[in-house]
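Each residue of the sequence shown is one higher than the last, beginning at 3 in our numbering. Beta carbons are placed, not taken as given, at the ideal position from N, Cα and C, and that holds for glycine. One structure is given here, and the rest of the page talks about it.
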Amino acid sequence: MLTDFNFPPFPKDCKSQLCKHLTKETFEALKDKKTKNGFTLKEAINSGVVNSDSGIGVYAGDKESYSTFGLLFDPIIEDYHSFKVEDTHKSNLNPNDLNAPVLDVDGEYIISTRIRVGRNFANLPLGPAITKEQRDEVQERSSQALNSLEGSLSGTYYPLEGMSDEISKSLIKDHFLFKAGDRFLEASGLNREWPEGRGIFHNEDKTFLVWVNEEDQLRIISMQQGGDIKEVFTRLTTAIAHLQKKIEFSYSEHLGYITSCPTNLGTAMRASVHIKVPKLAQDMKKFEAITDKHHLQIRGIHGEHSESEGGIYDISNKRRLGVTEVECVQDMYDGVVALIQAEKDA
Ligand code: ADP
Ligand code: ILO
C-alpha cells in the first residue's frame with residue numbers, strides 16, 4: 003500500500019523512548035495499521051516526532067492501541083516500567099495496608115501532599131482519538147457522577163469554557179488546575195477543540211479535585227497542606243470507590259488502568275509532596291542517591307518540566323505499573339522520611 007508517511011527523522015541527540023524503540027522494521031510493520039477507532043501509528047508517535055526532546059514521545063488513542071502497536075509500546079513499557087509482556091498488574095487501594103504515621107508535625111519540611119490517579123471510561127477512545135461528541139459525553143457523565151458525591155467530597159463542577167482568566171490563572175498558580183497549551187499534549191491530539199468539554203470539580207476546601215478531559219478523561223486528586231499522607235490516600239480511595247459505582251473505568255489484567263500516556267499505566271498514580279530541602283539540594287548527588295533508592299522522581303514546583311524554587315521540590319513515586327497503589331504511596335512515604343533525615347543531617 004502506498005503511503006506518504008515515512009520513517010521520521012530524529013535528531014542525533016534524541017533520547018526519547020520513541021526514537022530508541024522505533025526501528026525501521028517496527029515502523030514498516032505498523033505504519034499502515036489502525037485500531038477500530040481509526041487511530042494510526044502516525045498519530046501515536048506525532049508528539050515525539052514534533053517534540054524531539056520528549057522523554058517518551060508516544061500516546062495511545064484507545065486501549066486497543068497497546069496491542070495493535072504492541073511492537074512499539076511493549077518495549078517502551080518494558081524499558082520504562084521494567085514490566086514484561088507476560089507480567090500482570092495488581093491493585094490494592096486499601097489505606098489500612100499503608101504504614102504511614104503523620105510526618106513532620108511541626109511543618110518544617112513538607113508543605114503539601116497530593117495523590118492523583120488517572121482514569122478513562124471503558125468502551126470509549128482515549129483523549130488522542132476521542133470525538134468532540136464523545137468528549138462531551140465524558141464531561142456530562144463525569145459531572146453527574148461527581149455531583150452525587152456527599153459530605154466532605156461534595157462540590158461543584160466548573161467547565162473551563164466560560165471560566166474567567168483571573169480564576170483559571172489563580173487555580174493554576176495554587177496548583178489546583180492543569181495548564182493550557184502543553185506542547186506534548188497539543189501534538190498528540192489531546193488539545194483538540196480546547197477548552198470545550200474540559201473542566202474541574204472541587205470540594206469547598208479544594209482537598210478533593212477532579213480534572214475532566216485533560217491528558218486522561220479523569221484525574222482524581224486528593225491534596226492538602228502538610229504531611230498526613232495516609233489521610234490524603236484515604237480520601238482518594240473513598241472517592242474512587244464511589245465513582246467506580248457510577249462509571250466503568252478502562253482496565254486490563256496486564257496493564258492495569260489504561261491511560262493515554264504509557265508512563266501512567268497500572269496504578270495511574272502519582273503520590274507527591276512539596277518538600278523543602280535547601281541544604282540537601284546543595285548536594286544533588288546525595289539527593290538523587292536517596293530518590294533513586296526509593297524509586298522517586300524529582301520535579302519542579304509547578305509540575306513536570308518546571309524548576310525548583312527556594313529549595314522546594316516535588317517528590318513523587320516513579321513506579322506505577324506492576325506495583326500496587328499502596329506500594330506507590332509507601333515508596334513515596336519511605337523516601338520522604340529518608341529525605342527529611344538527610345536534610346537534618348546536612
Ligand atoms: P500530574 O497531574 O501528572 O501530577 P503535574 O506534574 O503537571 O501533573 O502537576 C500538576 C499540578 O499539581 C502542578 O501544579 C503541581 O505543582 C501540583 N502538585 C503536584 N504535587 C503537589 C503537591 N504535593 N502539593 C501541591 N501541589 C502539587
Ligand atoms: N509526552 C511527554 C510527557 C511524558 C510523561 N508525562 C506525562 C504528563 N504523561 C514526554 O514524552 O516527555
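Judged by their CB atoms, A62 and I231 are not nearer to each other than the 7 Å cut-off. For E311, DSSP records a beta bridge to I314. The ligand ILO has no heavy atom closer than 6 Å to the beta-carbon of F12. The DSSP-derived three-state label of H23 is helix. With a cut-off of 6 Å, the C-beta of G109 is classified as distant from the ligand ADP, since no heavy atom of the ligand falls inside that distance. Under the DSSP definition of a beta bridge, I222 partners with V119, V212.
Take the alpha-carbon of A273 and the one of E30: they are about 39 Å apart. In the three-state DSSP reduction, Y61 falls in the coil class, being neither helix nor strand. The criterion of a C-beta distance shorter than 7 Å is satisfied by Y159 and L148.
Using a cutoff of 6 Å, the CB of I58 counts as near the ligand ILO, since one of the ligand's heavy atoms is closer than that. The ligand ILO has no heavy atom closer than 6 Å to the beta-carbon of F75. The continuous stretches of beta strand (DSSP E) do not include V331, which lies in the alpha helix (DSSP H) extending over residues 327-347. K278 is bridged by DSSP to I314. Boundaries of the beta strand (DSSP E) around F203: 201-205. Taking C-alpha positions only, I222 is separated from E152 by approximately 16 Å.
In the DSSP annotation of this structure, Q284 is not part of any beta strand (DSSP E), being labelled neither H nor E. With at least 16 other beta carbons inside 10 angstroms of its own, F75 counts as buried. Look at T261 here: in three-state DSSP terms it is coil, with no helix or strand label.
Using a Cβ-Cβ distance cut-off of 8 Å, the stretch 120-137 and the stretch 206-221 are in contact, since at least three pairs of beta carbons, one from each stretch, lie closer than that value. DSSP, reduced to helix, strand and coil, places I79 within a helical segment of the structure shown.
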